[in-house]
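In this text, residue positions in the sequence shown follow the working numbering: the first is 25, and each later residue adds one.
All C-beta atoms in this analysis are idealised placements derived from N, C-alpha and C, irrespective of residue type, glycine included.
Inspection log for the structure reproduced underneath, given as structure tokens.
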Amino acid sequence: MVNDILDFSRLREQSLELQIKPLYLQSLIDMVVLLSQPLLSGKDLTLINAVKKDLPPIYGDENRLQQIFLNIVGNAVKFTHEGKVKISSNVQNGHVAISITDTGVGIPRNKLKDIFKEFEQADGSTAREFGGTGLGLAITKQLVELHKGEIVVKSKLGKGSRFIVTLPISDEEPDEVSFKSVSDEKRTNICDEIDENILPNTIDLAGDLEGDFKILVVDDEEVNRQVLVNHLSVQNYTIQTAIDGLEALKLIELHKDEPFDLVVLDVMMPNMSGYEVLRELRRTYTGADLPVVMLTAKNQISDLLEGFDAGANDYLVKPFSKMELMVRIRTHLQLNDMRKLNASKDRFFSIVAHDLIGPFQPLLGNSEVLARHGHKFGPEQILDIGQDIHLAAQNAYKLLQNLLEWARLQMGRMVFEPENINLAKLANSTVSTLESVAKEKQIKLSSTVPPGTIVVGDENMLDTTLRNLTSNALKFTPEGGSVVISADKTTDDFMEISVTDTGIGIREEDIKKLFRIDVHHTTIGTSKEKGTG
């Protein structure tokens, strides 16, 4: 998506330059087929490479031709659920023709003329199902035309489609592939500023990313590290740097309790290459756990494949623009944030489903006993059962209340409404609400907040917070203990509100779990009370 937006902008401004040279299409198509294999996962689909081995060379930009055929093959696979996608070749009138034929959904006749326009896909419903930028085929057509070639499409709805790309034959033989040396790699400027005014004004670097993100920058060149730090610091990311692979691995191990959100990793480094660092990282962290964006001056397909094979999430080929760097980093942070949020939600709802069973079992059991045998019980027995039912209902209500508060917070419907709050009055109200629980355990519950103490905040939120903390303190304080709500002014602007108990305390290893929604941490209270976690 990032590449599509940047390429679209450059093509629109006619600033995209091709590196034209004679080359053979056979090996390039082989690589396209290899790179496209993961797209077949979960589909009853075969990708066939029927390109002739004796094709004459053509004129083209290797990277852009790879992009052209990856776009077309990717599109064919996307809209073909079963059957085959076949890549074949033909030579005609001084041109090589490459055909990509699929047995997919096909394209309606009235859409064929628009298929190469920006933001067009086969049809609206398909676009919604599969997503995408809507720029891929438009960019593909323009890239083919820059090669002095042609692209056409033939399709039958429900039968499949065929895209045919024709490219001019070269009258020169391709040179041997030459690779950049390490010294060339290190001399390449890391950033190449482009006119960022040409980019669509829909790109918002600030966006809705929330939270403090930690990024590790690994590069043995001080100038490169500083350029990256300067660019990334603008977004208020917390940046740490490492001068080589060994230092990077040590830093990642050191921060394993509060891990980095992303690593920017140079490929060419002394002693330990970026590939080696990445392979070592992937023994512990998956690409979802710790995204890695690699930096390289090598843009040969084999180099990129080696990086992805080692576990890279993305690549930036030097020199790259500041905008490209920022958008790619932001995209991976967003994806990782979404993965973590979804994992937290899944875990949270699993916990809630499990914990709801607890209070409903005594509710159902005791109510059934009353319904069947209540006529046999005396007043005291009925009162005992009624109290058990009331306690179970109270626990279920508290759990649902917490779930509702969390849902409002996640959906952004919990509105923070600050006002002046009489803290002493609020603390006394909490004491009154929970006094019966304290008396039952013979715990002294009190507030020492000075009368007239005023704080600024949302009264409902502060009330919920105080009530939950105090209830938790009572749960883990044995009979005869005490729980005190207090407040002390720490500075001219802030008040520290405390709930202190004489309870059993918390193990050090459990403290970090207390405020995490994705970790189920619940402990039986001193009187066998159960919580929601």
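The three-state secondary structure of Asp525, taken from DSSP, is strand. By the Cβ-count criterion, Pro283 is exposed, with fewer than 16 other Cβ atoms from all chains shown falling within 10 Å of its own Cβ. By the Cβ rule, the segment 498-508 counts as touching the segment 468-483, because three or more pairs are nearer than 8 Å. Contact annotation: the segment 57-65 does not touch the segment 129-139, with fewer than three C-beta pairs closer than 8 Å.
Taking a 10 Å sphere around the C-beta of Pro315, we find 16 or more other C-beta atoms and assign the residue as buried. Per DSSP, Lys449 is one residue of the alpha helix (DSSP H) stretching across Leu447 to Glu464. Listed in chain order, the non-local C-beta contacts of Pro80 below 8 Å within the same chain comprise Val115, Val120, Ile193 and Ser194, local neighbours out to five positions each way being set aside. Spanning the alpha carbons of Gln250 and Met347 requires a straight line of approximately 17 Å. Just measuring C-alpha positions, the residue of Thr515, Thr488, Leu490 and Asp525 sitting nearest Pro502 is Asp525. Judged by DSSP in its simplified three-state form, His356 adopts helix. Only buried fits Ala272, as 16 or more other CB atoms lie within 10 angstroms of its CB. A contact is defined here as three or more CB-CB pairs under 8 Å, and the segment 389-396 fails this definition with respect to the segment 302-319. The continuous beta strand (DSSP E) containing Arg186 extends over residues Gly184 to Pro192. Between Asp281 and Asn360 a beta carbon distance of about 18 Å is seen, past the 8 Å cut, so the two are scored as non-contacting. According to the DSSP secondary-structure assignment, His119 is paired through a beta bridge with Gln116 and Pro192.
Judged by DSSP secondary structure, Ile535 falls within the alpha helix (DSSP H) whose first and last residues are Glu532 to Ile535. Secondary structure note for Asp482: it is in no beta strand (DSSP E), with a DSSP letter that is neither H nor E. Distance from Leu498 to Leu458 at the Cβ level is roughly 6 Å; contact confirmed, criterion being Cβ atoms closer than 8 Å. Secondary structure at Tyr83: strand, using DSSP grouped into helix, strand and coil. When the Cα atoms are used, Met296 and Phe103 turn out to be separated by approximately 42 Å. Taking every protein chain shown into account, the CB of Gly298 has 16 or more other CB atoms within 10 angstroms, so this residue is buried. Rounded to the nearest angstrom, the gap between the Cα atoms of Ile82 and Lys178 is 24 Å. In the DSSP assignment, Val247 falls within the unbroken alpha helix (DSSP H) covering Glu246 to Ser257. Looking at the DSSP output, Thr70 shares a beta bridge with Lys108. The continuous alpha helix (DSSP H) containing Gln50 extends over residues Leu49 to Ser60. By the criterion of a C-beta distance shorter than 6 Å, Ser522 is surrounded in its chain by Ser510, once the five residues flanking it on both sides are discounted. Of the other Cβ atoms in all chains shown, fewer than 16 fall within 10 Å of the Cβ of His279; this residue is therefore exposed. Excluding its 5 nearest sequence neighbours in each direction, Ile175 has C-beta neighbours in its own chain below 6 Å: Lys165, Val168 and Val189, listed in chain order.
In this structure, Glu106 and Leu52 do not form a Cβ contact; the two beta carbons are roughly 27 Å apart against a cut-off of 8 Å. Counting the other Cβ atoms within 10 Å of the Cβ of Ile92 gives 16 or more, which makes it buried.
The DSSP-derived three-state label of Lys400 is helix.
Of the residues assessed, Tyr421 falls on the exposed side of the cut-off, its CB having fewer than 16 other CB atoms within 10 angstroms. Burial state of His399 is exposed, judged by a 10 Å Cβ sphere holding fewer than 16 other Cβ atoms. Excluding its 5 nearest sequence neighbours in each direction, Lys183 has C-beta neighbours in its own chain below 8 Å: Thr127 and Gly130, listed in chain order. At the C-beta level, Ser113 and Lys67 stay beyond 8 Å of one another. Across the set Gly527, Ile530, Leu490 and Ile535, the C-alpha of Leu490 shows the shortest separation from the C-alpha of Glu520.
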